[in-house]
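I have placed the structure first, in the form of structure tokens, so that the comments after it can refer back to it.
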Amino acid sequence: MIPVLYAVAGVLFALAAAGAVVRIVRGPTILDRMLASDVLLTILLLVIGAEMVINGHTRTIPVMLVLAGTAAFSTVAVARYVSQQDRRSGETPAGAAAPARRTEAARRRRTGEGS
Amino acid sequence: MTEILDVAAAVFVVLGAALSLVAGVGVLRFPDALSRLHAGTKPQILGLVCLVIAIALASRSWPAILLLIPVVLFQLVTQPIAAHMIGRAGYRTRNHRPDLLLVDELADDVDRASAEQERPTGPGSAD
Chain A
12 MIPVLYAVAG
22 VLFALAAAGA
32 VVRIVRGPTI
42 LDRMLASDVL
52 LTILLLVIGA
62 EMVINGHTRT
72 IPVMLVLAGT
82 AAFSTVAVAR
92 YVSQQDRRSG
102 ETPAGAAAPA
112 RRTEAARRRR
122 TGEGS
Chain B
8 MTEILDVAAA
18 VFVVLGAALS
28 LVAGVGVLRF
38 PDALSRLHAG
48 TKPQILGLVC
58 LVIAIALASR
68 SWPAILLLIP
78 VVLFQLVTQP
88 IAAHMIGRAG
98 YRTRNHRPDL
108 LLVDELADDV
118 DRASAEQERP
128 TGPGSAD
């Protein structure tokens, strides 16, 4: 019974990873790709854990520890740059208005955000 | 007794795999970034907790369990930050479908903030 359960888990993991990969390839925006790669990394984390259960050892727990601690950083970095890029491109249609005003607005927004 | 524990560990592995399949299907099928985010964040905590319980049941050793607790804690600390940043960027880049939303409470604040930005600020504008 236990090998059957392990086989079922393997099939489910494979289907989930395939779905995430398809979304990475097809995703219309970089946010969808980043989200799907985050899901793929989570699936990798779960697969490492499942492999430990199946093979009956605990040697790769430190790998899980490091992955759990650092997996989110890439997503945070990309999401941060995506929203900044959008803000800048949203301002350019304002036209050839003096760039000084733009930096002034950016400064105000920054200080407003920081408070 | 060990048989029962092993079977329980295998059941938890299947549970975690099912949760990750839910995430994979949701990320593949849902229409916009915010609902994909909703589906994709399910296995990040719950699936990991399932697998951690499975490892604890299968290994049955205290050092392994003591190492597994920080795994869950790190994930609990870092993954909400990533989900929040994706949701924030998804809203700001208009990467969601407003017709799917029942309530959009952020829209009022965004309108007010952009109206404030349009208004020319005099020297006496209090900050």
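Residue numbers (the working numbering), protein chains in the order written: chain A, 12 to 126; chain B, 8 to 134. Backbone N, C-alpha and C fix where the C-beta goes; we use that ideal spot for every residue, glycine too.
Residue i at chain A interface by Cβ criterion, 7 Å
i	result
B/Arg-126	no
B/Ile-62	yes
B/Ala-114	no
B/Val-20	yes
B/Val-56	no
B/Val-32	yes
B/Thr-9	no
B/Leu-44	yes
B/Ile-88	yes
B/Leu-105	Position check: residue 105 of chain B holds Pro in this sequence, whereas Leu was assumed. For B/Pro-105, the answer is no, since every Cβ of chain A falls outside 7 Å of its Cβ.
B/Leu-74	yes
For residue j and residue i, the rounded distance between their alpha carbons
i	j	result
B/Leu-55	B/Glu-123	44 Å
B/Asp-39	A/Val-50	16 Å
B/Val-18	B/Asp-118	50 Å
A/Val-74	B/Val-78	10 Å
B/Leu-53	B/Glu-125	44 Å
B/Val-34	B/Arg-104	16 Å
B/Val-59	B/Ala-15	12 Å
B/Asp-13	A/Ile-35	36 Å
A/Gly-38	B/Leu-108	21 Å
A/Ile-137	B/Ala-89	Because chain A spans 12 through 126 in this model, residue 137 of chain A falls outside it and cannot be assessed.
A/Met-63	B/Asp-111	44 Å
B/Leu-41	A/Ile-13	37 Å
B/His-91	A/Tyr-17	34 Å
B/Gln-51	A/Phe-84	14 Å
B/Pro-220	A/Ala-82	In the structure as shown, chain B starts at 8 and stops at 134, and residue 220 of chain B therefore has no counterpart that could be examined.
Chain-order list of residues whose beta-carbon lies under 6 Å from that of residue i (same chain, five-residue window excluded)
i	result
A/Met-45	Thr-86, Val-89
Any chain B beta carbon closer than 7 Å to residue i
i	result
A/Val-74	no
A/Thr-103	Because the pLDDT at A/Thr-103 is just 41, under 50, the model does not fix this residue reliably, and the point stays unresolved.
A/Ser-57	The question names Ser, but residue 57 of chain A in the sequence shown is Leu. Closer than 7 Å: yes.
A/Val-93	yes
A/Leu-42	yes
A/Arg-70	no
A/Ala-79	yes
A/Val-36	no
A/Ala-31	yes
A/Ala-25	no
A/Leu-16	yes
Contact set for residue i: own chain, Cβ-Cβ below 7 Å, skip 5 residues either direction
i	result
A/Val-93	Ile-41, Leu-42
B/Leu-75	Val-59, Ile-62, Ala-63
Beta-carbon proximity list for residue i, same chain, < 8 Å, skipping 5 on both sides
i	result
B/Cys-137	No information on residue 137 of chain B is available, as it lies outside the stretch 8 to 134 that chain B covers here.
A/Ile-59	Thr-71, Val-74, Met-75, Leu-78
B/Lys-49	Leu-26, Val-29, Ala-30, Gly-33
B/Asn-102	Asp-39, Ala-40, Leu-41, Ala-96
A/Leu-56	Met-75, Leu-78, Ala-79, Ala-82
Short CB-CB distance (under 7 Å) between residue i and chain D
i	result
A/Leu-52	The structure shown contains no chain D; the protein chains it does contain are A and B.
With contact counted as at least three CB pairs below 8 Å, one residue from each stretch, are the region 56 to 72 of chain B and the region 89 to 97 of chain B in contact? no
Taking contact to mean 3 or more Cβ pairs, one atom from each stretch, closer than 8 Å, check whether the region 78 to 87 of chain B and the region 65 to 79 of chain A are in contact. yes
Examine the Cβ distances between the region 28 to 43 of chain A and the region 25 to 33 of chain B and report whether three or more of them are shorter than 8 Å. At 8 Å Cβ cutoff, the stretches touch.
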